[in-house]
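What follows is a short report on a single structure.
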Amino acid sequence: MKRDGMDVKKIFTIGTCVEFLVSATLWTTASLLFIWSSEYTLVSHSGLFANFGGVFIVFLNLARSLPVHRLEIIGIIVVIIFAIIFVNDNSSTKTNGHTNILLGDIISLCSAPLYGIYYIVSARLLQKLPSMVILQVSFTIQLIMNLIFYICFMDTEIFYSFDPNFGVFGWASDTYLVYSLVFVGTFTGLVGVGGYVFILNFFPPHIVGSIYLLEPMLTQILGCILGQDNMPGFITYLGCFGITVGLGISIKGDLEKSKEQVINNTQRSQSSKPHSEKSLHSSLILIP
395 MKRDGMDVKK
405 IFTIGTCVEF
415 LVSATLWTTA
425 SLLFIWSSEY
435 TLVSHSGLFA
445 NFGGVFIVFL
455 NLARSLPVHR
465 LEIIGIIVVI
475 IFAIIFVNDN
485 SSTKTNGHTN
495 ILLGDIISLC
505 SAPLYGIYYI
515 VSARLLQKLP
525 SMVILQVSFT
535 IQLIMNLIFY
545 ICFMDTEIFY
555 SFDPNFGVFG
565 WASDTYLVYS
575 LVFVGTFTGL
585 VGVGGYVFIL
595 NFFPPHIVGS
605 IYLLEPMLTQ
615 ILGCILGQDN
625 MPGFITYLGC
635 FGITVGLGIS
645 IKGDLEKSKE
655 QVINNTQRSQ
665 SSKPHSEKSL
675 HSSLILIP
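Whatever position you read off the sequence shown (first residue = 1), add 394 for this note's numbering.
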């Protein structure tokens with residue numbers, strides 16, 4: 395059966411279904427950990443440690459003996475150093491008293507490997523299917539998983555309501571309707587999550603995961619605007635600057651690695667070409 399020019403049977407093979415399920419499970423679990431961590435630590439801390447997915451992939455590539463450029467390693471080291479500086483800004487505090495920075499940071503860091511593997515699985519899916527198909531199927535599975543989770547752990551009477559904080563239809567309440575449709579739905583969903591899936595067509599998973607590290611400064615500003623965090627000090631901005639520099643070095647290393655791979659492949663093809671021509675010449679001589 396075909397729909398809009400695409401064979402549905404090719405989408406829902408056993409392999410792709412498993413990958414869709416794994417991808418949605420990873421994203422849903424990581425997102426829940428991220429939200430949970432923000433209850434204890436600063437929003438910027440949650441954004442920083444959760445976005446270490448790219449760093450995790452680089453270490454995973456090293457463990458698997460896959461090619462890693464030295465600039466990628468240097469960039470990751472710079473990122474880690476300035477991340478430590480970033481989180482040690484004592485002037486950045488939460489506005490409420492329900493704070494356990496260390497616990498929140500650990501919870502957020504636990505989500506990083508899940509996000510990292512999510513990028514890897516999404517990149518595998520993109521080799522088989524268009525981006526919009528992946529987004530539509532993934533969002534549907536994630537919605538079902540979230541509904542199951544909330545039904546299992548929440549009061550069903552509150553859940554099936556328009557309660558702005560706990561109801562499944564809370565997004566449509568007068569308080570959040572415009573916010574949900576314009577900001578969460580469009581920017582966070584399509585532009586945010588969708589954008590990172592789209593760019594996997596052009597960049598490897600560890601670079602896409604590392605790009606997320608540009609978010610901590612924005613999340614710090616957003617946390618202040620929303621009244622969750624107090625204004626940070628100089629150390630936070632220094633950490634953000636250093637993280638950005640480290641990210642640039644890592645991206646530069648990936649570009650250099652890609653160039654080296656192209657050169658090596660070209661040299662291999664050229665070195666094998668004379669051998670093929672020689673074999674062809676020998677075979678022609680043997681023809682009577």
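Backbone N, C-alpha and C fix where the C-beta goes; we use that ideal spot for every residue, glycine too.
State the Cα-Cα distance for the pair residue i and residue j, rounded to the nearest angstrom.
{"i": "N482", "j": "E466", "result": "25 Å"}
{"i": "A444", "j": "S505", "result": "5 Å"}
{"i": "T410", "j": "L519", "result": "7 Å"}
{"i": "I495", "j": "L442", "result": "13 Å"}
{"i": "I449", "j": "E551", "result": "Here residue 449 turns out to be Val, not Ile, going by the sequence shown. When rounded, the distance between both Cα atoms is 42 Å."}
{"i": "S555", "j": "G564", "result": "7 Å"}
{"i": "A517", "j": "L427", "result": "23 Å"}
{"i": "T630", "j": "E433", "result": "20 Å"}
{"i": "Y513", "j": "A418", "result": "11 Å"}
{"i": "I470", "j": "T422", "result": "26 Å"}
{"i": "V591", "j": "P598", "result": "11 Å"}
{"i": "G589", "j": "M526", "result": "11 Å"}
{"i": "V531", "j": "K651", "result": "33 Å"}
{"i": "L456", "j": "R464", "result": "11 Å"}
{"i": "V585", "j": "Q664", "result": "43 Å"}
{"i": "I405", "j": "G633", "result": "43 Å"}
{"i": "M539", "j": "S644", "result": "35 Å"}
{"i": "V656", "j": "L649", "result": "11 Å"}
{"i": "L460", "j": "G447", "result": "17 Å"}
{"i": "T580", "j": "I500", "result": "30 Å"}
{"i": "I475", "j": "L608", "result": "15 Å"}
{"i": "I408", "j": "L523", "result": "14 Å"}
{"i": "C688", "j": "S567", "result": "Outside the shown range of the chain (395 to 682) lies residue 688, about which nothing can therefore be said."}
{"i": "I601", "j": "S440", "result": "19 Å"}
{"i": "E502", "j": "K653", "result": "Here the sequence assigns Ser to residue 502, which means Glu is not the residue at that position. Taking the straight line from one Cα to the other gives about 35 Å."}
{"i": "L541", "j": "D557", "result": "15 Å"}
{"i": "C618", "j": "T660", "result": "52 Å"}
{"i": "L537", "j": "S425", "result": "12 Å"}
{"i": "I687", "j": "V437", "result": "Summary: the structure shown does not reach residue 687, with the chain confined to residues 395 through 682, and so no result is reported for it."}
{"i": "F704", "j": "L641", "result": "A query on residue 704 cannot be resolved here, the shown segment of the chain reaching from 395 to 682 and no further."}
{"i": "T582", "j": "L529", "result": "13 Å"}
What residue range does the alpha helix (DSSP H) around residue i cover?
{"i": "D499", "result": "I495 to L520"}
{"i": "Y590", "result": "G588 to F592"}
{"i": "N540", "result": "S525 to F547"}
{"i": "S567", "result": "S567 -> no alpha helix (DSSP H), and no H or E assigned at all."}
By the three-class DSSP mapping on this structure, what secondary structure does residue i have?
{"i": "E413", "result": "helix"}
{"i": "T419", "result": "helix"}
{"i": "E609", "result": "helix"}
{"i": "H463", "result": "coil"}
{"i": "N595", "result": "helix"}
{"i": "I408", "result": "helix"}
{"i": "D483", "result": "coil"}
{"i": "F476", "result": "helix"}
{"i": "Y554", "result": "coil"}
{"i": "G642", "result": "helix"}
{"i": "G561", "result": "coil"}
Say yes only if the C-beta of residue i is nearer than 7 Å to one or more non-hydrogen atoms of the ligand MN, and no if none qualify.
{"i": "R518", "result": "With respect to the ligand MN, the structure shown offers nothing to examine, as it has no ligands at all."}
query = What runs of the alpha helix (DSSP H), each 4 residues or longer, lie entirely inside the segment 428 to 460?
reply = Listed in chain order, they are 437 to 444 and 447 to 457.
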